[in-house]
Amino acid sequence: MKFLKNKIFIGATALILTTFFIIIWSGKNFAPSQPLPVFGAIKPFSLVSQDNKPFSLSNLKGKIWVVDFIFTSCHGPCPLMTRQMKQLQEHYVNSPDVHFLSISIDPQTDTPQVLKRYAQKFSANFSKWTFLTGDLKTISLLARNSFKLSSGTPENPSLHTTKFVLLDRSGQIRGYYDSQDSLLLEKIKADIQKLQKQKPHSDL
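Using numbering that gives the first Met the number 0, the first residue of the sequence shown is number 0, and each one after it goes up by one.
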């Protein structure tokens, strides 16, 4: 009899503990995700695309977008960053609300024609991924004042940032991502998904 009571007690305790851990686990997995931080809004800009056409903030109205800064003669991080952007482009090929930008920080070398040849080497889909060039001062100010990033110097553009930047439909910065992070793509995809679930609105 005593053995039976002990068995029942142990079984009941195990059931209670199991139920407790299930509740804890469920709470962790179904807790609402935290909203992405807002780091500031991008100021209006006007640059030139790889097709030698004007491109401004208004072209991104209603879009979620990812930006990086590169230059075509870069033999350091730029090829890796461009391959990473290519992977994102391919993942979102059927998502019209997501767009990608690569902005040259060596515009004197990177004319629209040079950028287009470079982009084609990476199979860029220009309906999803735009390469931009323009006035050096404009790009430097854009990088520093709007994106809060380094654009390098005219003498040494290789000192430019190696981060990706995520922006929402209103042109607000919602995330910075290190291109050297092995989980880079997964992190960007997860945060894009959060933005896609938000109600679309745009102040661009």
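Heads up, the beta-carbon is just placed ideally off N, CA and C, and yes, glycines get one too.
Nearest-angstrom Cα distance between R173 and I41?
-> 11 Å
What's the call for S94, buried or exposed, on a 16-neighbour Cβ count within 10 Å?
-> exposed
Taking the continuous alpha helix (DSSP H) assigned at P111, which residues delimit it?
-> P111 to K120
Can you tell me which of F130, F121 and K62 puts its alpha carbon nearest to the alpha carbon of F54?
-> F130
Where does Q192 fall in DSSP's three states?
-> helix
Taking just the CA atoms, how far does L56 sit from L16?
-> Low confidence applies to L16: its pLDDT is 45, below 50, so where it sits in the model is not reliable, and the reading given next is rough at best. Going from the Cα of L16 to the Cα of L56 covers about 55 Å.
Nearest candidate by alpha-carbon position, reference K120, set L194, L165, F38 and M84 | M84
Examine chain D for any beta-carbon lying closer than 8 Å to the beta-carbon of G75, and answer yes or no.
-> The structure shown contains no chain D; it holds only a single protein chain.
Cα-Cα separation between D67 and G75, rounded to whole angstroms | 14 Å
Just the C-alpha distance for I23 and H90, rounded to the nearest angstrom, thanks.
-> Confidence at I23 is low in this model, with a pLDDT of 44, below 50, so its placement is unreliable and the value that follows should be read with caution. Using only the alpha carbons, I get a separation of about 34 Å.
Where D134 and P78 are concerned, what is the direct C-alpha to C-alpha distance, given to the nearest angstrom?
-> 23 Å
CA-CA distance, T108 and D190?
-> 34 Å
Exposed or buried, which one is L182 when buried takes at least 16 other CB atoms within 10 Å?
-> exposed
Own chain residues within Cβ distance below 6 Å of K27, not counting five before or after | Reliability fails at K27, whose pLDDT of 42 lies under 50, so the model's placement of it is uncertain and no value is given.
Simplified DSSP assignment, three categories, for H98 = strand
From the DSSP output, which residues share a beta bridge with S178?
-> According to DSSP, S178 bridges with nothing at all.
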